[in-house]
Each structure stands twice: as C-alpha cells, then as structure tokens.
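Here my numbering runs 847 ahead of the position in the sequence shown, where the first position is 1.
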Amino acid sequence: MQTEVFSELFPLMSTATPQTLEWLLNVAIEHEYPSGRAVVMEDAWGNAVYFVVSGWVKVRRTVAEDSVALAIFGKGDFFGEMAILDESPRSTDVIALSSVNLLSVSRERFIQILFKDPQLHHRMLQLMVRRLRQINLRLQMRSSPPAVKLAHTLVTLGESYGQESNCGKEIFNIPFKDLAEVTEIGVDETTKIMEKLHEKGWIKIDSTNNIIYLVNFKQLMNLAGKV
C-alpha cells in the first residue's frame, strides 16, 4: 500500500508526516480473517494496534456464557490503542463480521511512532475523545424511543463507514442481534423497526450481497435527531 493511499484511507493518519507513514507501513503486518473468526481475544495482553483496511468487525464482551456486541468498526478505523497505552489486558475481544483485511503494528513500534510524530499523537487523542463523546451521546439517548436509537446507530455507521452508491449509502448487513446489542434495544424491536424502515423505503436490505442500503439518509437523520 502506498503512503498516500494509507493516509487517505485512515483519518488517524491524515496529519502524519510522510516519514511516519512510510515507517509505519514498513513495520505493519497484514492479516486476513474470514467471517466469524476471532481477531483479538478477550484478556489477551494489548500487544498491537489494528487498522481495518477492508471489511467489518465487532467488539464484544463475554458475560457468563453470553457475548454482547459493544461496537462495530469498518474500513478506515482502528482498535486496540487503549490496551497498548495503559499496558493492561484487553477487556473485550474482536470478531470479524465479514471477511476482513487488517494491518497490525506492535505496541513497541506504535509507541515509538507516537513519540516521533507529535501530530499523529495529537490526532489519535482527538479521535479517542470523539469516541468518548459518542459513548456519552449513547448514554444520553438511553431513554429515547427504540426507533430513534436504532436510526442513530444506522446513521452513525453510514457517516463513519458508508460507501456511496446509486441506492444510497451502503453498509454491511449487520446481524440484527448485533445491531440490537450495540443500540441497546431488543432483537424483536430491531426486527420490527428494520422492517418498518424497509416498508417506508428508507432502507433496503440486500441479503444476497450482505448490504444494507441507507436509501433515505436525510429521513434517517431526522428520525435520529441529527438534523
């Protein structure tokens, strides 16, 4: 991968110097995982930062014998940074939702890069603060109607990872169970709301190609209270 492509693909790298990008790509290791494969296991020591080159993953926590999806990441995002910064075991694991291609950079190398490039360090802090704000917003929305919360999840995924197409923004056809858990509503509620949004023509689900088209993105934003 060329440094220009790497910089454009990952917002984290938008302020990194050409030297940083080149060095990072030289030390990065490429990984490919099929759908359903564990990428990072819970309680494993944080030894790398992972960059999603393509595909979709979910972050989950296992409670007793049940696992709960906490977040969904797509192309251009990264994960694992908190575990390497505080040198503690990961509290969650990461599972491939689709076929996924990742780049990993070891903890030692990534910390070296942060010290060498203050702009990258600052940019990473900015994105981590943005994630905290998103978490705070989710907490504030806990009392909102389920349809509003689910619309907010869909819009956030569309804004972060959606690809433009003739049918609107397209995202991965995330299993309803995972959508429900990330949104913190029931699976039955999620199913009914998704069917209603489909009837309204606001979304279109292509099960064959595993795609959800966010057809009427403006209406979804209105429902989510983002306009």
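Backbone N, C-alpha and C fix where the C-beta goes; we use that ideal spot for every residue, glycine too.
Selected residue, minimal CA-CA separation from residue i, among the options
i       : options                              : result
Leu944  : Val906, Leu950 and Leu1001           : Val906
Glu928  : Gly1033, Gly1009, Tyr1008 and Ile960 : Ile960
Phe962  : Thr867, Ala1071 and Leu950           : Thr867
Phe957  : Asn894, His1045 and Asn1069          : Asn894
Ile942  : Glu855, Arg908 and Pro965            : Arg908
Thr1038 : Glu1046, Phe1023 and Val896          : Phe1023
Ser1007 : Asn1013, Trp903 and Asn1057          : Trp903
Range of the contiguous beta strand (DSSP E) that encloses residue i
i       : result
Glu855  : No beta strand (DSSP E) contains Glu855, which is instead part of the alpha helix (DSSP H) from Thr850 to Leu856.
Lys1073 : No beta strand (DSSP E) holds Lys1073; DSSP gives it neither H nor E.
Arg907  : Val904 to Val910
Ser953  : Val947 to Ser953
Leu944  : Unbroken run through Leu944: none, as it is neither H nor E.
Ala875  : Where Ala875 is concerned, there is no enclosing beta strand (DSSP E), given that its DSSP letter is neither H nor E.
Local Cβ density within 10 Å of residue i, reported as buried at 16 or more and exposed below that
i       : result
Asn1020 : buried
Gly883  : exposed
Asp1053 : exposed
Arg954  : buried
Asp924  : buried
Glu912  : exposed
Gly1072 : exposed
Val910  : exposed
Thr939  : buried
Ala1070 : The sequence shown places Leu at residue 1070, not Ala. With 16 or more Cβ atoms within 10 Å of its Cβ, Leu1070 is classed as buried.
Glu1011 : exposed
Beta-carbon contacts of residue i that lie in its chain and below 8 Å, excluding the five residues immediately before and after
i       : result
Glu1031 : Arg985, Arg989 and Lys996
His827  : This structure does not reach residue 827, given that the chain is present from 848 up to 1074, and the question cannot be answered.
Leu794  : Missing from the structure shown is residue 794; the chain here goes from 848 to 1074 and no further.
Met975  : Glu928 and Met929
Proximal residues to residue i (C-beta, below 6 Å), its chain only, five neighbours per side dropped
i       : result
Asp1025 : Lys905 and Ala916
Asn1036 : Residue identity check: residue 1036 is Glu in the sequence provided, not Asn. Once the five neighbours on either side are set aside, the close Cβ partners of Glu1036 are Pro993.
Glu879  : Asn948
Limits of the alpha helix (DSSP H) - the one that residue i falls within
i       : result
Glu1028 : Phe1023 to Thr1030
Asp1035 : Val1034 to Lys1047
Leu967  : Pro965 to Gln987
Integer Cβ distance of residue i from residue j, believed to fall under 8 Å
i      : j      : result
Arg842 : Leu859 : There is simply no residue 842 to check, as the chain begins at 848 and stops at 1074 in what is shown.
Ser901 : Lys922 : 5 Å
Sequence-distant residues of its chain with Cβ nearer than 7 Å to residue i (five each side left out)
i       : result
Leu1067 : Ala998, Leu1001, Val1002, Trp1049 and Leu1061
Phe853  : Met860, Leu868 and Leu872
Gly1009 : Lys1016, Glu1017, Ile1018 and Leu1061
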